[in-house]
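Data block below; observations after.
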Amino acid sequence: MSEIGETIRTTCPRDCYDACGIVVVKRQGEIVRVKGDPEHPVSRGELCGKCAVAYNGAWIDRQTRLTQPLKRIGAKGEGRFMPTSWDEAIATICQQLQEILFTSDGRGILHTHYTGTCSLIAGFFPLRFFNRIGATEVDPDTVCNKAGHVALQMVFGDSLTGFDPRTAKDAACILVWGANPSSSAPHAHKHWLPEAPGKIIAIDPIKHPTAAAADLHLQPFPGSDGALAFALLHVIQREGLLNETFLDKHTTGWSEVRSLLPDCTPQWGEAVTGVPAALIEEAAILYGRGPSLLWLGQGLQRQPTGGNVFRACSLLAIATGNFGKPGTGLLYMNGFANRGIDADYLSAPHLNSGDFHSISHMDLTARLEDPANSRALFCWNNNIVASSPQQRQLRQVLSREDLFMVSLDLFATDTTDYADIVLPAASFLEFDDLVFSYFNYSISAQVKAAEPMGESLPNQEIFRRLAAAIEFTEPELFESDAAIIASLLKQTGTGIDFAQLAAKGTIDFTPEPIIQFADYKFATPSGKIEIASDQFAAVGLPRSPQPFADARPSNGKLRVLSPASPWLMNSVYGNDSRVLKLIGEANVTINPQEAKQRGLQDGSPVILSNETGHLPLKVKLSNQVPCGVALVYKGRWLKFDASSANVNVLNPGHKTDLAESSCVHSIEVEIVPAVGSQSEIGRF
C-alpha cells in the first residue's frame, strides 16, 4: 500500500460475486483515490472497470451526491425539490405513516429494496422497521432470481449453500451455465477460471468473453436450456457415466426422469436447441467423467419455465453424483447463513405482530394502481423506475398525488424524481459494516474511510431515527452498528473481532475448502434429493423436470436478452459521467446475418416494439449474438437517454413457472427501421 497519504482497507459491497478488497487513499481527510487491495485474494490489486471508474468519480463527487434531505415542490417525475431539515423530513414521514396506521394496518405501506448495497447491516437492518409497522414487502428476489432459489430449495432443501470455489483445484471440469463472469464476476473470469486446472464449458446464447475463453461453448437458443440438459443426460446415461449408487441411495424420483431420456438424443437436442450434436456429446462426456463443478447463473432462470430449467440443469450434478467429494458441487449462490449468520437476527421478523405480507415485484404496478391498498411507498437500495417491468405504466402510477413516496439514495435517480421526500444515504465508504461474498466463502470488513458526505446518513441510522420519532421502544430498532457487527462475527464462530478483521480485510470462513453436501444430508421432506416431488405438483408443475423448450419467436420477432453490462451493476453507476461515455449511445446488438435479412446496417436507427412499449436504439452488429436474438444491456438511466426509457419499457412483467419471478429473458419484439429524426424517435 505504498502511496502518499493515509490508506484504509475496506470491501466492495456491490451486487457482485467477487466482494473485492479495496484500498482507500486519503489526504487531508479527503478521499483522493479508491483502488484494489493488492493483498486481497480476489481483487489482487485491481478493481473491476466499472468500480475503478465510479468509485473515483460520482461516489466521491459532492456535486453528484445527495447531501441533504429534500422535499418535492414540482409535479411527480419532474425531479424538482427544495432542501429541508432532517427533523422536518422525519416528522413529515412519521405523520403520514401514523395516519395510515391509525386508520388501517400497515399493509397499505409498501417498501421495495434490493441490492443497491449488499453489506449486512445497510441491507437488512431497515427490515426491522418495516416488520414493526407490518408493511408489505415487494419481494426483492422476484425481480431477479427467486425461481432458481425455490427450485433448488425444493430439490435439495437449500439454494444458498453452493460449492466452495477453492475446490476448483480438484475439478476436472467446470461448467458455467447461464452466467457471465466477465461482467458479473470479473475477477472470477480473470483469475479463478483461467487458473483452474480443469476444462471449462460455457453454455450461453451469447458469446461473451467468458464463453469465448472457454474450452467449449454451447450456444443454445434462449428458452431451450431444459431440453439441452436432457440431451446431455442422454449421453451421460449412454456412456455409462451415471452414478447409480448415488442415485439409489440419495435421491427420489430418478425413475421418472430416466423414462424420458431415450428420446432426448443429441440429434434431437440439436434440432430443439441449435447446439450441434457433436458439441452435446463432447460436453456431456467431459462433464460426466468428473469430478465436475456446475455453476448455474441467475440469468438462466429468468425464463418462462425458469423453475423447470433449474431442476433440469441440476440433474447433471445429481445424475453423476457430483457431490460430497473434492472438486464437485453445484453453485447458485452462497448465502451468509452457511457462515453461521442468523437471518432472523438481522431482520427481526418477530417484530411483526400480524401476518407477513409480500407481493411479487411483477405485481408492483398493479398494486400501485389500487390506491386503497397502496397509500405509501418506500424505495431503498434500489432504483425501481430503471429496473422494474412495465416501465411506462409504473411511471404513470408513481405520479399519483395521493401516493406518499419516500426514496433513500446516494444520487438523484429516475426513482427519486417521483418521491415526496428524498433522504440522502451514506455510501459504503462512510460507515462500518460486514460483507459476505455470495461466491467465495469469505467474511470481509467494510471499514469507514470518511465521514458521510454532507448530511447523508447510513440506511440503518435513518430507520433508527424514524423508529424514535414514531416512539417505538423495541431495542432491536435501535441496536448500534458496533453491537450488530460484534454479534454477527460471534455467530460465525471464527473468533475474530471487527478490529482484527479490518486489519486483515478479509478471511476465509474455513482454512480448507468446504465440500458441498459432504454428509449427504438434505433438508427436504424425504431427507434426500427430491428429483420428483409432490411439492412441485402442489403448485401445478410436473412432479419431475421435463425436457421443455420455449417456442421460437414467430412473425419475424426477435427474443430480447438483457444481461448485465460490463460497465453497470444493474443500474448502479449509470449516472457517472465517465461511465456514460464508456457505455455510449443505447444500442441493440444483432447478428450480421439477421441484419442483412432485414436490410439493417451497423448504426441503423431502429425501434423495438411490443404490446408493452417502444424503444428507439441504434443497431450494433456482432457474431457473438445468434440469429433470432436481440441483445440490449439492462440498467441504463432514463434521464440520460434521449428516449427517456430503457429495455424495461418492453418488459410486460410476465412470471416464471415457479415463485412469481421475473422471466425478463422471454421478451419478444418487432424490430423496424426508425423513421424521422432522433427527436421524433424520442417521443416513444
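With the first letter of the sequence shown counted as 1, position 388 gets the number 388 in UniProt numbering; the numbers rise by one all the way through.
Built from N, CA and C at the ideal position, the CB exists for glycine as well.
Using only the alpha-carbon positions, how far apart do A343 and Y17 sit? As a first step, residue 343 must be located in the sequence shown, where it is residue number 343. As a first step, residue 17 must be located in the sequence shown, where it is residue number 17. Here the alpha carbons of Y17 and A343 stand approximately 19 Å from one another.
I'd like the list of long-range same chain contacts for I529, defined as Cβ closer than 7 Å, with 5 residues on each side in sequence excluded. One-based indexing of the sequence shown puts residue 529 at position 529. Residues V155, F156, H250, T251, I318 and F522 of the same chain have their beta carbon placed closer than 7 Å to that of I529, with the five preceding and five following residues left out of the count.
For the putative contact between D141 and G178, defined by C-beta atoms under 8 Å, what is the C-beta separation to the nearest angstrom? By 1-based counting over the sequence shown, the position of residue 141 is 141. By 1-based counting over the sequence shown, the position of residue 178 is 178. About 17 Å; that fails the 8 Å criterion.
Cutoff 7 Å; reference K190; Cβ partners in own chain excluding five residues on either side: As a working mapping, residue 190 is identified with position 190 in the sequence shown. If the five residues before and after K190 are omitted, its C-beta is found closer than 7 Å to no C-beta atom of its own chain.
State the start and end residues of the unbroken alpha helix (DSSP H) segment that holds D519. Within the sequence shown, the letter at position 519 stands for residue 519. No alpha helix (DSSP H) holds D519; DSSP gives it neither H nor E.
What's the C-alpha gap between N570 and R578? Along the sequence shown, one-based indexing puts residue 570 at 570. Along the sequence shown, one-based indexing puts residue 578 at 578. So the alpha carbons of these two residues sit roughly 17 Å apart.
Range of the contiguous beta strand (DSSP E) that encloses L330: Numbered from its first residue, the sequence shown carries residue 330 at position 330. Unbroken beta strand (DSSP E) run through L330: G329 to L331.
Over what stretch of residues does the beta strand (DSSP E) that includes T7 continue unbroken? For the purposes of this step, residue 7 is taken as the residue at position 7 of the sequence shown. Element bounds for T7: E6 to T11.
Could you tell me which residues DSSP pairs with Q446 in its beta bridges? The count along the sequence shown starts at 1 and reaches residue 446 at position 446. When DSSP reads this structure, Q446 sits in a beta bridge with D433.
Let's test the definition: count the other Cβ atoms within 10 Å of the Cβ of P83 and tell me whether it reaches 16, buried, or not, exposed. Residue mapping note: residue 83 aligns to position 83 of the sequence shown, counting from 1. Around the C-beta of P83, fewer than 16 other C-beta atoms lie within 10 Å, and the residue is accordingly described as exposed.
Distance, Cα to Cα, P291 vs V24? Taking the sequence shown and counting its residues from 1, one reaches residue 291 at position 291. Taking the sequence shown and counting its residues from 1, one reaches residue 24 at position 24. The straight-line gap from Cα to Cα measures roughly 41 Å.
Using DSSP's beta-bridge definition, name the partner residues of G137. Here residue 137 corresponds to residue number 137 of the sequence shown, with the count starting at 1. A quick correction: the sequence has Glu, not Gly, at residue 137. In the DSSP output, where bridge partners are listed per residue, E137 has H111 and S358.
Examine the ligand NAD and report whether any of its heavy atoms sits within less than 6 Å of the Cβ of F378. This structure lacks the ligand NAD, and indeed carries no ligand of any kind.
Closest to L66 by CA distance: which of T656, V176, G556 and L408 is it? Position 66 of the sequence shown, counted from the start, is the residue given in the question as residue 66. Minimum Cα distance to L66 is reached at L408.
Would you grab the beta carbon distance between L489 and N338 for me? Rounded to a whole angstrom, and I think it's under 8 Å. Within the sequence shown, the letter at position 489 stands for residue 489. Within the sequence shown, the letter at position 338 stands for residue 338. With 8 Å as the limit, L489 and N338 do not qualify as a contact, their Cβ atoms being about 16 Å apart.
Report the partner residues of V625 according to the DSSP bridge assignment. Taking the sequence shown and counting its residues from 1, the one referred to as residue 625 is at position 625. None; V625 has no bridge partner.
Tell me whether the segment 487-507 and the segment 29-40 touch, counting them as touching only if at least three CB pairs, one residue from each stretch, are closer than 8 Å. Yes, the segment 487-507 is in contact with the segment 29-40.
For L617: DSSP bridge partner residues: By one-based count along the sequence shown, residue 617 stands at place 617. In the DSSP assignment, L617 forms a beta bridge with V606.
Check whether the segment 582-598 and the segment 608-623 are in contact - that is, three or more C-beta pairs closer than 8 Å. Yes, they touch.
Taking its Cβ as the centre, do 16 or more other Cβ atoms sit within 10 Å of N555, making it buried, or is it exposed? Working through the sequence shown from its first residue, we reach residue 555 at position 555. Taking every protein chain shown into account, the CB of N555 has fewer than 16 other CB atoms within 10 angstroms, so this residue is exposed.
Is there contact here, the segment 88-97 with the segment 115-128, by at least three beta-carbon pairs under 8 Å? Counting Cβ pairs under 8 Å, fewer than three are found: no touch.
May I have the straight-line CA-CA distance separating G79 from V406, to the nearest angstrom? One-based indexing of the sequence shown puts residue 79 at position 79. One-based indexing of the sequence shown puts residue 406 at position 406. Across the structure, G79 and V406 are spaced so that their CA atoms are roughly 13 Å apart.
With distances taken between CB atoms, is the gap from G299 to P563 smaller than 7 Å? Looking up residue 299 in the sequence shown gives position 299. Looking up residue 563 in the sequence shown gives position 563. The beta carbons of G299 and P563 sit closer together than 7 Å.
Which two residues bound the contiguous beta strand (DSSP E) that contains G21? Locating residue 21 in the sequence shown gives position 21, counting from the first residue. In the DSSP assignment, G21 falls within the beta strand (DSSP E) that extends over G21 to R27.
Looking only at its chain, what residues have a beta carbon closer than 6 Å to the beta carbon of P566, apart from the 5 residues adjacent to it on each side? Reading the sequence shown from its first residue, position 566 is the one you call residue 566. The beta carbon of P566 sits closer than 6 Å to those of S183, all from its chain and outside the five residues before and after it, given in chain order.
Can you give me the C-alpha to C-alpha distance between P13 and F436, rounded to a whole angstrom? Along the sequence shown, one-based indexing puts residue 13 at 13. Along the sequence shown, one-based indexing puts residue 436 at 436. Taking C-alpha positions only, P13 is separated from F436 by approximately 8 Å.
Kindly indicate the opening and closing residues of the beta strand (DSSP E) around R72. What you label residue 72 is simply residue 72 of the sequence shown in a count that begins at 1. R72 -> beta strand (DSSP E) spans L70 to R72.
With a CB to CB cut of under 6 Å and the five nearest residues on each side skipped, what residues in its chain are close to G682? Start at 1 with the first residue of the sequence shown, and residue 682 comes out as number 682. In this predicted model, G682 has a pLDDT of only 40, less than 50, meaning its place in the structure is not dependable enough to derive any value.
For P165, collect the residues of the same chain with a Cβ closer than 7 Å to its Cβ; drop the 5 residues on either side in sequence, then sort them by chain order. Stepping through the sequence shown from its first residue, residue 165 is reached at position 165. Counting only Cβ-Cβ distances below 7 Å, and skipping sequence neighbours, we find W192, F439 and N440.
Short CB-CB distance (under 7 Å) between Q446 and chain C: Going by chain labels, chain C is absent from the structure shown, which holds only one protein chain.
R289 versus P181 - alpha carbon distance: Translated into positions along the sequence shown, residue 289 becomes position 289. Translated into positions along the sequence shown, residue 181 becomes position 181. One C-alpha to the other measures close to 24 Å.
In this structure, does DSSP put K596 in helix, strand or coil? Residue 596 sits at position 596 when you count from the first residue of the sequence shown. Helix.
Please give me, in chain order, every unbroken run of the alpha helix (DSSP H) with length at least 4 that falls completely inside the segment 222-280. If one requires a minimum length of 4 residues, the alpha helix (DSSP H) runs lying completely within the segment 222-280 are 225-238, 244-250, 254-258 and 266-273, in chain order.
Out of D497, T112, D657 and R72, which one is the CA nearest neighbour of E137? Along the sequence shown, one-based indexing puts residue 137 at 137. Nearest to E137 by C-alpha distance, out of D497, T112, D657 and R72, is T112.
Pick out whichever of Q153, V664, L296 and W59 has its Cα sitting closest to the Cα of G329. Translated into the one-based positions of the sequence shown, residue 329 becomes position 329. Residue L296 is the option with its Cα nearest to G329.
Boundaries of the beta strand (DSSP E) in which V422 is found, first to last residue: What you label residue 422 is simply residue 422 of the sequence shown in a count that begins at 1. For V422, the enclosing beta strand (DSSP E) stretches over residues I421 to P424.
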